[in-house]
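A.B. asks:
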Amino acid sequence: MKHPENIEKITHHATASHSVPPDQSGRSSSAQIMSSAHMHVAKGEAMQGHPHHRLPLSGRFLVPHSRNMEGPHRFYAREGVDPLREAFEAKITVHPGMGGKPVARERQSDLIDALTVRESAGKRMAYIHVPFCKMRCLYCSFFQEKYQPEQSAVYTDALIAELGIWQGRAIQEATPLHAVYLGGGTPTALAPHDLGRLLSAVRSRLPLANDCEITVEGSVADLDEALIEAALENGANRFSLGVQTFETSIRRAMGRRSSREDMARAINRLQSYDQASVVIDLIYGLPDQDMEVWQNDLRTAHSLNLDGLDCYQLGVHKDSLLQKSIERGSVSPAASSAFQGGMYAAQSRFFEDAQYRRLSISHWGRTPRERNLYNTYTKAGVDCLGFGPGAGGNLHGHMTYNQPDYKAWLGQVQQGVKPIAMMMAPLEKHRLNKALGSGLEQGVLDLASLEDLCATQKYAKLEAPKSLRTLLEPLLQQWERAGLLVSGGTSCRLTVAGQFWYINMTQLLIEYIDEKVAQ
């Protein structure tokens with residue numbers, strides 16, 4: 001194992017190559033892994049999601065706004081139009097600022113050794129990927145494995161074994177974890193006994209903080225008493241349920257089983273235990289989901305007295321099942337980006353009027369029980385331990401990606417090998433990129449804090465007082481004229497239109513800074 005002070009030398013050698021060579025040991029090659037990533041863009045394919053749900057895409061996966069324009073104008077929003085609906089042509093990426101330098105396969109082992117003997121600083125979390133689904137939903141790109149009952153125990157045994165591979169290393173043991181997220185796939189597809197065993201192992205093998213948020217993502221259809229009790233008795237304190245819409249006809253068209261009434265009963269059953277935060281996901285922009293249906297979804301969600309909820313924008317991606325179904329005419333077209341802007345504004349007004357707390361652009365809290373820690377920490381780029389096939393992690397800014405093929409992952413774990421298939425070393429300004437994204441996710445661009453960060457990190461051309469502000473001033477002034485933000489001294493606050501377009505704005509800010517610094 002390398003001594004931690006060798007980390008800079010190891011990182012330098014590891015990142016010298018910008019392509020990962022084909023694997024000679026049977027693991028997926030870099031190209032195969034990134035091809036898999038293209039098939040798993042965001043949570044529910046339609047939604048913004050977060051990078052630990054599978055392999056993340058770079059910020060430039062989708063066609064950027066006005067990329068054919070010259071000079072700074074390609075970063076500008078349209079003026080003289082309704083900014084909510086027309087500031088940009090469409091969303092230009094899914095996870096803004098994602099990216100890094102691929103680490104050559106032959107360098108990964110030394111780099112992992114060096115990274116894992118270092119303690120984390122600040123908050124930490126873990127992501128556990130459960131790859132199984134009982135059925136495939138039309139809009140979802142996270143489907144990996146059709147669930148078979150006999151897989152539950154085998155997977156759980158292997159995941160528990162993976163939890164033990166890094167035991168004793170500082171990256172896993174030295175400081176507390178503040179959030180654990182079981183995502184998928186569908187974690188609630190596991191047999192109740194196995195879900196309980198998995199959660200029990202999380203508590204015994206990971207150093208959880210006393211107030212650690214432990215989330216089980218799942219399907220409402222799985223919420224029988226046995227599963228709920230297995231989860232609660234073994235430490236789950238938050239459930240994130242993929243409702244997407246309460247409209248039964250749309251749900252059935254998208255491949256979902258439960259009706260509006262089924263979901264209400266199951267959610268009420270879970271709430272009756274009164275031992276965990278209960279939140280749901282909604283999607284806006286689904287086929288046949290007009291404004292009346294969307295308003296009904298919002299009212300139904302509010303009537304259930306949830307602890308919180310997330311509202312995500314539908315994105316129809318190339319070659320997805322949803323796109324193919326639309327092209328065949330078997331389902332109606334999805335809502336346009338302009339119409340989705342109106343839907344976003346409608347949900348903002350609804351939950352503000354109902355006195356919900358805005359936890360981020362997409363997340364709302366109704367009760368103090370809902371904290372949304374995992375999603376907040378993800379945007380901030382804190383260290384994350386990844387477990388399970390296709391899980392992503394973050395070790396001191398280095399992104400790790402577990403083997404996405406279930407059988408290959410299983411074989412490596414059973415041999416006692418941490419199944420990391422690919423690593424990405426951080427870009428030079430990754431801390432600035434994360435700070436930009438984390439701030440805009442909260443609807444704020446805090447220039448004073450960003451300038452302090454630039455000075456601390458000694459970023460070239462950005463470390464002098466007010467240099468970042470001066471560099472960004474032309475772009476921010478244009479965005480203010482376009483109706484996307486309001487400036488106020490040392491910070492800018494996003495308008496409702498800016499909130500809807502914040503992903504574009506984050507990616508464009510990152511690229512604008514890179515371009516200006518390089519000049």
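By UniProt numbering, the letter at position 313 of the sequence shown is numbered 313, and the numbering carries on one by one without gaps. For each residue, glycine too, the CB sits at the ideal point set by N, CA and C.
1. According to DSSP, what are the bridge partners of Y273?
2. At what residue ranges does the region 388-471 contain a whole run of the alpha helix (DSSP H), taking only runs of 4 or more?
3. In whole angstroms, what separates the C-alpha of K429 from that of L508?
4. In the DSSP assignment, find the unbroken beta strand (DSSP E) run with A209 in it and report its ends.
5. What number of angstroms, rounded off, separates the C-alpha of P419 from the C-alpha of D157?
6. With a cut-off of 8 Å on the beta carbons, I'd call L111 and G388 a contact; round off their distance for me.
7. Roughly how many angstroms lie between the CA atoms of R257 and A90, to the nearest whole one?
8. Evaluate contact between the region 403-415 and the region 309-321, counting only Cβ atoms and requiring at least three cross-stretch pairs below 8 Å.
9. Based on the DSSP output, what are the partners of L241 in its beta bridges?
10. Relative to the alpha-carbon of M291, which residue among V331, E247, R169, I280 has its alpha-carbon at the smallest distance?
11. Spatial neighbours of A391 within its chain, please: C-beta separation below 6 Å, excluding the five flanking residues on both sides.
12. Between H396, Q414, L440, E451, which has its C-alpha nearest A425's C-alpha?
13. Rounded to whole angstroms, what is the Cα-Cα separation between P176 and A338?
14. Could you pull out every residue in the same chain whose Cβ sits closer than 6 Å to the Cβ of A346, ignoring the five residues on either side in sequence?
15. Does the region 275-289 touch the region 236-255, meaning 3 or more C-beta pairs lie closer than 8 Å?
16. Check for me: the beta strand (DSSP E) holding S487 runs from which residue to which?
17. If I'm right that L445 touches G439 with Cβ under 8 Å, what's the distance once you round it to whole angstroms?
18. Between L494, Q442, I513, S487, which has its C-alpha nearest C454's C-alpha?
19. Output needed for L359: all residues of its chain with C-beta closer than 6 Å, excluding positions within five of it in sequence on either side, in chain order.
20. Sort out for me which residues DSSP pairs Q313 with in a bridge.
21. For G80, which three-state DSSP category applies?
22. CB-CB under 6 Å to Y344, same chain, minus the five flanking residues each way: which ones, in chain order?
23. Going by Cα to Cα distance, which pick from Y459, R369, I165, N375 is closest to Q415?
24. Provide the residue span of the beta strand (DSSP E) that contains S360, from first to last.
25. Would S204 be called buried (16 or more neighbouring beta carbons within 10 Å of its own) or exposed?
26. In this structure, does DSSP put R299 in helix, strand or coil?
27. Which residues does DSSP list as the beta-bridge partners of L182?
28. Please identify the residue among K516, A189, N237, V486 whose C-alpha is closest to the C-alpha of L227.
29. At the level of alpha carbons, what is the spacing between D353 and S152?
C.D. replies: If we stick to the structure as given:
1. Walking along the sequence shown from the start, residue 273 turns up at place 273. Paired residue(s): none; Y273 is not in a bridge.
2. Scanning the region 388-471 from its first residue to its last, the whole alpha helix (DSSP H) runs of 4-plus residues come out as 406-414, 430-441, 447-457.
3. Position 429 of the sequence shown, counting from 1, holds the residue named residue 429. Position 508 of the sequence shown, counting from 1, holds the residue named residue 508. Going from the Cα of K429 to the Cα of L508 covers about 15 Å.
4. Position 209 of the sequence shown, counted from the start, is the residue given in the question as residue 209. Element bounds for A209: 208-218.
5. As a position in the sequence shown, residue 419 is number 419, starting the count at 1. As a position in the sequence shown, residue 157 is number 157, starting the count at 1. Cα-Cα distance, rounded: 15 Å.
6. Translated into positions along the sequence shown, residue 111 becomes position 111. Translated into positions along the sequence shown, residue 388 becomes position 388. That belief does not hold up - the Cβ atoms of L111 and G388 are roughly 21 Å apart, past 8 Å.
7. Against the sequence shown, residue 257 aligns to sequence position 257. Against the sequence shown, residue 90 aligns to sequence position 90. About 31 Å.
8. no
9. Residue 241 sits at position 241 when you count from the first residue of the sequence shown. According to DSSP, L241 bridges with G218, I280.
10. As a position in the sequence shown, residue 291 is number 291, starting the count at 1. The candidate whose alpha carbon is nearest that of M291 is E247.
11. For this step, residue 391 is matched to residue 391 along the sequence shown. The residues are Y127, H129, N402.
12. Position 425 of the sequence shown, counting from 1, holds the residue named residue 425. Looking at the Cα atoms, H396 is the closest of the given residues.
13. Numbered from its first residue, the sequence shown carries residue 176 at position 176. Numbered from its first residue, the sequence shown carries residue 338 at position 338. One C-alpha to the other measures close to 44 Å.
14. Taking the sequence shown and counting its residues from 1, one reaches residue 346 at position 346. Cβ neighbours of A346 beyond the five flanking positions: none.
15. yes
16. As a position in the sequence shown, residue 487 is number 487, starting the count at 1. Its beta strand (DSSP E) spans residues 485-488.
17. Stepping through the sequence shown from its first residue, residue 445 is reached at position 445. Stepping through the sequence shown from its first residue, residue 439 is reached at position 439. Confirmed, about 6 Å.
18. As a working mapping, residue 454 is identified with position 454 in the sequence shown. When only C-alpha atoms are compared, the closest one is I513.
19. Residue mapping note: residue 359 aligns to position 359 of the sequence shown, counting from 1. Within the same chain, Cβ atoms closer than 6 Å to the Cβ of L359 are found at G365, N372, the five residues on either side in sequence being excluded.
20. Locating residue 313 in the sequence shown gives position 313, counting from the first residue. BP columns for Q313 point to Y284.
21. Here the question's residue 80 lines up with position 80 in the sequence shown. It is coil, neither helix nor strand.
22. Locating residue 344 in the sequence shown gives position 344, counting from the first residue. Once the five neighbours on either side are set aside, the close Cβ partners of Y344 are F500.
23. In the sequence shown, residue 415 corresponds to position 415, counting from 1. Per the Cα distances, I165.
24. Residue mapping note: residue 360 aligns to position 360 of the sequence shown, counting from 1. That residue, S360, is in no beta strand (DSSP E); it is neither H nor E in DSSP.
25. Walking along the sequence shown from the start, residue 204 turns up at place 204. With fewer than 16 Cβ atoms within 10 Å of its Cβ, S204 is classed as exposed.
26. Translated into positions along the sequence shown, residue 299 becomes position 299. Residue state, collapsed to three classes: helix.
27. One-based indexing of the sequence shown puts residue 182 at position 182. Per DSSP, I128, V216.
28. Looking up residue 227 in the sequence shown gives position 227. Selected option, being the one with the closest Cα: A189.
29. Reading the sequence shown from its first residue, position 353 is the one you call residue 353. Reading the sequence shown from its first residue, position 152 is the one you call residue 152. C-alpha separation (whole angstroms): 44 Å.
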